[in-house]
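Visitor:
There are 2 protein chains.
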Amino acid sequence: MPGKLFRGSSPRSIDPKGRLMLPPEFRDVLVARSDAGGFMLTTYDGCLVAYPQPDWDSFEEQLNRLKSSSRLVRDFKRLVLGGAEEHVCDNQGRIRLSKSHLDYAGIGKDIVLVGQGSKFEIWDQTRFSEVTSQNFDGLAEELSESGIDLPI
Amino acid sequence: MPGKLFRGSSPRSIDPKGRLMLPPEFRDVLVARSDAGGFMLTTYDGCLVAYPQPDWDSFEEQLNRLKSSSRLVRDFKRLVLGGAEEHVCDNQGRIRLSKSHLDYAGIGKDIVLVGQGSKFEIWDQTRFSEVTSQNFDGLAEELSESGIDLPI
DNA sequence: AATATAGTGGGGAAAAGTGGGAAAAGGTGG
DNA sequence: CCACCTTTTCCCACTTTTCCCCACTATATT
Numbered sequence: 054m055p056g057k058l059f060r061g062s063s064p065r066s067i068d069p070k071g072r073l074m075l076p077p078e079f080r081d082v083l084v085a086r087s088d089a090g091g092f093m094l095t096t097y098d099g100c101l102v103a104y105p106q107p108d109w110d111s112f113e114e115q116l117n118r119l120k121s122s123s124r125l126v127r128d129f130k131r132l133v134l135g136g137a138e139e140h141v142c143d144n145q146g147r148i149r150l151s152k153s154h155l156d157y158a159g160i161g162k163d164i165v166l167v168g169q170g171s172k173f174e175i176w177d178q179t180r181f182s183e184v185t186s187q188n189f190d191g192l193a194e195e196l197s198e199s200g201i202d203l204p205i
Numbered sequence: 054m055p056g057k058l059f060r061g062s063s064p065r066s067i068d069p070k071g072r073l074m075l076p077p078e079f080r081d082v083l084v085a086r087s088d089a090g091g092f093m094l095t096t097y098d099g100c101l102v103a104y105p106q107p108d109w110d111s112f113e114e115q116l117n118r119l120k121s122s123s124r125l126v127r128d129f130k131r132l133v134l135g136g137a138e139e140h141v142c143d144n145q146g147r148i149r150l151s152k153s154h155l156d157y158a159g160i161g162k163d164i165v166l167v168g169q170g171s172k173f174e175i176w177d178q179t180r181f182s183e184v185t186s187q188n189f190d191g192l193a194e195e196l197s198e199s200g201i202d203l204p205i
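Top line first, the protein sequences correspond to chains S and A. Per our numbering, the very first residue in the first sequence carries number 54; after that it's consecutive. Per our numbering, the very first residue in the second sequence carries number 54; after that it's consecutive.
(1) Can you find at least 3 beta carbon pairs, one from the segment 54 to 64 of chain S and one from the segment 164 to 183 of chain S, that sit closer than 8 Å?
(2) Tell me the DSSP secondary structure of S/Lys57 in three-state form.
(3) May I ask which residues mark the beginning and end of the alpha helix (DSSP H) holding A/Val184?
(4) Do the CB positions of S/Gly161 and S/Arg180 come within less than 7 Å of each other?
(5) Applying the criterion that 16 or more other CB atoms from any shown protein chain within 10 Å of the CB defines a buried residue, is A/Lys70 buried or exposed?
(6) Our contact map puts S/Thr96 next to S/Leu73 with C-beta atoms below 8 Å; I'd like the distance itself, whole angstroms only.
(7) Determine the direct distance from the alpha carbon of S/Leu125 to that of A/Gly136, and round the result to whole angstroms.
(8) Compute the Euclidean distance between the alpha carbons of S/Gly200 and S/Glu194, then round it to the nearest angstrom.
(9) Mind checking who S/Ala103 pairs with in its DSSP beta bridge?
(10) From the DSSP output, in three-state form, read off S/Leu204 for me.
(11) Just verifying my parser: in three-state terms, what is the DSSP assignment at S/Asp88?
(12) So A/Arg86 and A/Pro107 are in contact, right, with Cβ under 8 Å, and what is the actual spacing, rounded?
(13) Rounding to the nearest angstrom, what Cα-Cα distance links A/Phe173 and A/Ser63 in this structure?
(14) If you run the structure through DSSP and keep just helix, strand and coil, what is S/Pro76?
(15) In the structure shown, what three-state DSSP assignment does S/Asp163 receive?
(16) Report the partner residues of A/Glu139 according to the DSSP bridge assignment.
(17) With 7 Å set as the bound, which would you pick, yes or no: does the beta-carbon of S/Glu198 sit closer than that to a beta-carbon of chain A?
(18) Please confirm whether S/Gly91 has its beta-carbon closer than 7 Å to some beta-carbon of chain A.
(19) What residues from chain S crowd round A/Gly168, counting only those whose CB sits closer than 8 Å?
(20) Chain A partners of S/Gln115, CB-CB under 7 Å?
(21) Buried or exposed for S/Ile175, please, with buried defined as at least 16 other CB atoms from any protein chain shown within 10 angstroms of its CB.
(22) For A/Phe112, I'd like the list of residues in its chain whose CB is within less than 7 Å of its CB, leaving aside the five on either flank, ordered along the chain.
(23) Mind listing which residues of the segment 96 to 112 of chain A have their C-beta closer than 8 Å to chain S's C-betas, in chain order?
(24) Using a Cβ cut-off of 8 Å, which residues of the segment 164 to 189 of chain A contact any Cβ in chain S, in chain order?
(25) Where do the N-terminal and C-terminal ends of the alpha helix (DSSP H) with S/Ser199 fall, by residue?
(26) For A/Ser186, tell me which candidate among S/Met93, S/Lys130, S/Lys120 and S/Glu78 has the shortest Cα-Cα distance.
(27) Just how far apart, CA to CA, sit S/Arg212 and S/Asp177?
(28) In the DSSP assignment, find the unbroken beta strand (DSSP E) run with A/Ser28 in it and report its ends.
(29) Counting only Cβ pairs nearer than 8 Å, list the residues of chain A close to S/Asp68.
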């Protein structure tokens, strides 16, 4: 599916008028994947997750196909669908995060944009460094028991 | 099925006269789905659930088709049918929640309106953050066992 | 040095949001 | 059954925020 992918992270900050500029690399990927360059931003794992429009559409369709008979599924949809907002950059490549997004992601002023292949994420800087400073030995071990040996 | 969907959440509050303003995006979806913009609001999962008139009508029809032979079905109808109230926004896009709705949803002053595709929900802020701060890893795993791999 | 691209700042129109006055409706007590 | 009081509704006017665009500075590239 994918040609261009979101990769790498860029530290950013929110300007006095509340605007956040996306790195040009990400903007390029966005226009490559959906020609208008629009994307959806939703909430998960304490950060904001951005999907180019076409990817979001199929994701949403999957969500709507899920049977809503269990409370857990309904709550999951509340988080993901309820967190979804459409975004388009202005002429300078900036967006404005909503109050509830800032809130959910605990975003103060310093931000990291993190490429994740077909999507990217927006993190509060402090939260992100907590995530990345974890010890992953447990996982590596678990994987190696399933015969997966990562070249780390 | 339809084009415009309810998405995203907006934090709101009830004004001194007891009025709650719907976000413009939601109002747009309402008029798109039912041209008068009227909707039904009922009670479930500890929140208020809003259905555009046409969606409600077919929902209600399904409910009425249910055999009322079990107590559980009757109680369910008591909750859902008994909790249903019709609403129309005023010129500024505001509605007034009834005492029993405020009560059922445990609504104090701070509220979140949550888009859920073809419907939206009204939550007390505190209750809603409990919902969204859950850990959904169990669900993700369960889904992936049924062959559904969400792009989260 | 010149040109293109990245990044910053801000003005101003339009939309969103707030508050309140006054009419209508509904409820209560005599 | 009527008069009075309270609550609700409807609409107008004001304030605040958001959005869209333009202009400027800085950085990089050839």
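Virtual Cβ for every residue (Gly too), placed ideally from N, Cα, C.
Guide: Based on what the coordinates show:
(1) Counting C-beta pairs with one atom in each stretch, the segment 54 to 64 of chain S and the segment 164 to 183 of chain S have three or more that are closer than 8 Å, which means they touch.
(2) Against the first sequence, residue 57 of chain S aligns to sequence position 4. Residue state, collapsed to three classes: coil.
(3) Here residue 184 of chain A refers to the residue found at position 131 of the second sequence. Gln178 to Thr185 is the extent of the alpha helix (DSSP H) around A/Val184.
(4) In the first sequence, the residue the question calls residue 161 of chain S occupies position 108. In the first sequence, the residue the question calls residue 180 of chain S occupies position 127. For S/Gly161 and S/Arg180, no; Cβs fall outside 7 Å.
(5) Here residue 70 of chain A is taken as the residue at index 17 of the second sequence, counted from 1. Burial call: exposed.
(6) Stepping through the first sequence from its first residue, residue 96 of chain S is reached at position 43. Stepping through the first sequence from its first residue, residue 73 of chain S is reached at position 20. Not quite, the Cβ-Cβ distance comes to about 16 Å (not below 8 Å), so this is no contact.
(7) What you label residue 136 of chain A is simply residue 83 of the second sequence in a count that begins at 1. What you label residue 125 of chain S is simply residue 72 of the first sequence in a count that begins at 1. Those two C-alpha atoms are separated by around 23 Å.
(8) Position 147 of the first sequence holds residue 200 of chain S. Position 141 of the first sequence holds residue 194 of chain S. Cα to Cα, S/Gly200 sits roughly 10 Å from S/Glu194.
(9) Here residue 103 of chain S refers to the residue found at position 50 of the first sequence. Under DSSP, S/Ala103 takes part in a beta bridge, and its partners are S/Leu94 and S/Phe173.
(10) Within the first sequence, numbered from 1, the residue matching residue 204 of chain S stands at position 151. Note that residue 204 of chain S is Pro in the sequence shown, not Leu. In the three-state scheme derived from DSSP, where H, G and I count as helix and E and B as strand, S/Pro204 is classed as coil.
(11) Counted from its first residue, the first sequence places residue 88 of chain S at position 35. Of the three classes helix, strand and coil, the one that applies to S/Asp88 here is coil, per DSSP.
(12) Walking along the second sequence from the start, residue 86 of chain A turns up at place 33. Walking along the second sequence from the start, residue 107 of chain A turns up at place 54. The Cβ separation is near 7 Å, so the contact holds.
(13) As a first step, residue 173 of chain A must be located in the second sequence, where it is residue number 120. As a first step, residue 63 of chain A must be located in the second sequence, where it is residue number 10. Cα to Cα, the separation comes out at about 11 Å.
(14) Working through the first sequence from its first residue, we reach residue 76 of chain S at position 23. In this structure, S/Pro76 counts as coil in the three-state DSSP scheme.
(15) Here residue 163 of chain S corresponds to residue number 110 of the first sequence, with the count starting at 1. DSSP, read as helix, strand or coil, puts S/Asp163 in strand.
(16) Taking the second sequence and counting its residues from 1, one reaches residue 139 of chain A at position 86. Beta-bridge pairing links A/Glu139 to A/Met93.
(17) Stepping through the first sequence from its first residue, residue 198 of chain S is reached at position 145. At least 7 Å separates the CB of S/Glu198 from every CB of chain A.
(18) The sequence position of residue 91 of chain S within the first sequence is 38, counting from 1. Cβ-Cβ to chain A under 7 Å: no for S/Gly91.
(19) The residue given as residue 168 of chain A occupies position 115 in the second sequence. Going along chain S in sequence order, the residues near A/Gly168 (Cβ under 8 Å) are Leu134, Gly135 and Ala137.
(20) Start at 1 with the first residue of the first sequence, and residue 115 of chain S comes out as number 62. The contacting residues are Ile201 and Leu203.
(21) For the purposes of this step, residue 175 of chain S is taken as the residue at position 122 of the first sequence. Classification for S/Ile175: buried.
(22) One-based indexing of the second sequence puts residue 112 of chain A at position 59. Once the five neighbours on either side are set aside, the close Cβ partners of A/Phe112 are Tyr104.
(23) Residues of the segment 96 to 112 of chain A with a C-beta less than 8 Å from any C-beta of chain S: Asp98, listed in chain order.
(24) Correct list: Val165, Val167, Gly168, Gln169, Gly170, Glu174, Phe181, Val184, Thr185, Gln187 and Phe189.
(25) Here residue 199 of chain S refers to the residue found at position 146 of the first sequence. Segment: none, S/Ser199 is in no alpha helix (DSSP H) and carries neither H nor E.
(26) Locating residue 186 of chain A in the second sequence gives position 133, where the first residue counts as 1. In terms of CA proximity to A/Ser186, S/Lys130 leads the group S/Met93, S/Lys130, S/Lys120 and S/Glu78.
(27) Because chain S spans 54 through 205 in this model, residue 212 of chain S falls outside it and cannot be assessed.
(28) What the structure shows of chain A is the stretch from 54 to 205, and residue 28 of chain A is not part of that stretch, so it cannot be assessed.
(29) Reading the first sequence from its first residue, position 15 is the one you call residue 68 of chain S. What S/Asp68 touches in chain A: nothing, since even the nearest Cβ is about 23 Å away.
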